[in-house]
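I have placed the structure first, in the form of structure tokens, so that the comments after it can refer back to it.
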Amino acid sequence: MNDRASLLAFSALALTSTSSVAQQQKTTSVVLVHGAFVDGSGWQAVYDLLSNVGYEVLVVQNPTITLEGDVAATEAVIAAAKYPVTLVGHSYGGMVITQAGTNPKVKSLAYVAAFAPDAGESAASLNEWPAEPGEAKAPLLPPQDGYLLVDPVKFPASFAADSPEALTKFMAVAQVPWGLKAVEAKITKVGWKAKPSSFLIASQDRMITPSSQRKMAQRSGARTEEIKSSHAVMLSHPREVAAFIESADR
615 MNDRASLLAF
625 SALALTSTSS
635 VAQQQKTTSV
645 VLVHGAFVDG
655 SGWQAVYDLL
665 SNVGYEVLVV
675 QNPTITLEGD
685 VAATEAVIAA
695 AKYPVTLVGH
705 SYGGMVITQA
715 GTNPKVKSLA
725 YVAAFAPDAG
735 ESAASLNEWP
745 AEPGEAKAPL
755 LPPQDGYLLV
765 DPVKFPASFA
775 ADSPEALTKF
785 MAVAQVPWGL
795 KAVEAKITKV
805 GWKAKPSSFL
815 IASQDRMITP
825 SSQRKMAQRS
835 GARTEEIKSS
845 HAVMLSHPRE
855 VAAFIESADR
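Just so you know, we're using the numbering used here here: the sequence shown kicks off at 615 and counts up by one.
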């Protein structure tokens with residue numbers, strides 16, 4: 615091959631590569647909001663999968679001290695996003711995205727084994743919904759100095775029974791305390807009433823009962839999927855969670 619032919623071939627290859635990247639780039643930003651007792655690092659596998667298919671993915675680090683502070687942290691990340699946002703919340707993160715979901719930049723909401731409250735409800739009041747036979751509630755220790763923790767001995771089986779035991783034992787001792795001001799705060803704005811919503815129900819959840827998740831999903835009118843998973847579904851089923859979030863991008 616002569617120099618001119620080599621140059622043409624190289625240019626064609628570069629153009630094809632650039633075109634492929636351009637086609638892959640999404641025009642939605644995904645903002646991931648973690649729940650109580652953990653931080654945003656639990657989203658890493660989902661972050662990687664969504665980033666690899668062209669999404670801008672941003673992760674909120676909630677202090678989980680007050681709902682107001684967590685909503686403010688989420689609003690700041692929404693403001694930094696390049697594109698309209700699919701706002702995703704796991705567990706208590708559902709409280710946060712419900713309150714922040716009325717932001718004009720948010721196009722859709724995705725609840726992942728999460729609370730989906732109505733106006734006037736709190737995480738505490740939703741946790742009072744009765745469990746059905748065979749279900750279990752979060753094994754919370756009594757409040758101490760204004761914060762809640764999960765019983766570390768029961769954490770692995772309750773929070774992430776289908777994840778590696780070494781990981782869940784570490785998570786149990788590395789818990790982020792959940793402030794009672796966040797637990798008891800009542801929702802004043804309801805994003806799912808204004809934006810298209812999707813709900814991924816974890817049928818083996820032992821933190822937020824599956825029956826509660828089904829009821830919240832039904833009343834919100836959310837597009838609903840169900841997966842056989844523990845509460846920490848993003849750890850044990852990251853591909854399914856990433857696919858669910860993609861389907862919520864609408």
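Built from N, CA and C at the ideal position, the CB exists for glycine as well.
Remember, predicted model here, so these are calculated numbers, not experimental data.
In whole angstroms, what is the alpha-carbon distance linking residue i and residue j?
i: A636; j: G668; result: Because the pLDDT of A636 is 41, which lies under 50, any placement of that residue in the model is unreliable, and the number read from its coordinates should be weighed accordingly. The alpha-carbon atoms of A636 and G668 are separated by roughly 9 Å.
i: P747; j: S825; result: 10 Å
i: D732; j: K829; result: 12 Å
i: A750; j: S739; result: 16 Å
i: M821; j: T641; result: 34 Å
i: A737; j: S665; result: 31 Å
i: E742; j: V702; result: 24 Å
i: A752; j: K768; result: 9 Å
i: L663; j: D765; result: 32 Å
i: F858; j: Q758; result: 37 Å
i: S655; j: N676; result: 11 Å
If I measure Cβ to Cβ from residue i and keep anything under 6 Å in the same chain, skipping five residues before and after, which residues do I get?
i: G805; result: T712, G715, T716 and L723
i: Q827; result: I815
i: A659; result: P852
i: Q639; result: G668
i: G649; result: H704, S705, Y706 and G707
Go through its chain and collect everything with a Cβ distance to residue i's Cβ below 7 Å, but skip five positions before and after it.
i: I679; result: G793, K795 and A796
i: E798; result: S736 and A738
i: E854; result: I841
Excluding the 5 residues preceding and the 5 following residue i in the sequence, name in chain order all residues of the same chain whose CB lies nearer than 8 Å to its CB.
i: S643; result: Y669, E670, V671, L672, A695, K696, Y697, P698, V699 and T700
i: L781; result: A774 and L849
Could you check where the alpha helix (DSSP H) with residue i kicks off and where it finishes?
i: T688; result: L681 to A694
i: E854; result: P852 to A862
i: E742; result: No alpha helix (DSSP H) contains E742, which DSSP labels as neither H nor E.
i: E779; result: E779 to V787
i: L672; result: Premise fails: L672 lies in the beta strand (DSSP E), E670 to V674, not in any alpha helix (DSSP H).
i: G707; result: G707 to A714
i: Q638; result: D617 to Q638
i: P770; result: F769 to F773
Using a Cβ-Cβ distance under 8 Å, would residue i count as near chain B?
i: A752; result: Among the protein chains of the structure shown there is no chain B, as only one such chain exists.
Counting along the chain, where does the beta strand (DSSP E) carrying residue i start and finish?
i: F651; result: Per DSSP, F651 belongs to no beta strand (DSSP E) and is neither H nor E.
i: G703; result: V699 to H704
i: Y725; result: V720 to V726
| message | Taking 8 Å as the cut-off, does the region 692 to 701 touch the region 709 to 723 (at least 3 CB pairs, one atom from each stretch)? | response | yes
| Do the region 805 to 825 and the region 833 to 845 make contact, defined as three or more Cβ pairs closer than 8 Å? | yes
| What alpha helix (DSSP H) runs, 4 residues minimum, are completely inside the region 793 to 838? | 794 to 797 and 824 to 834
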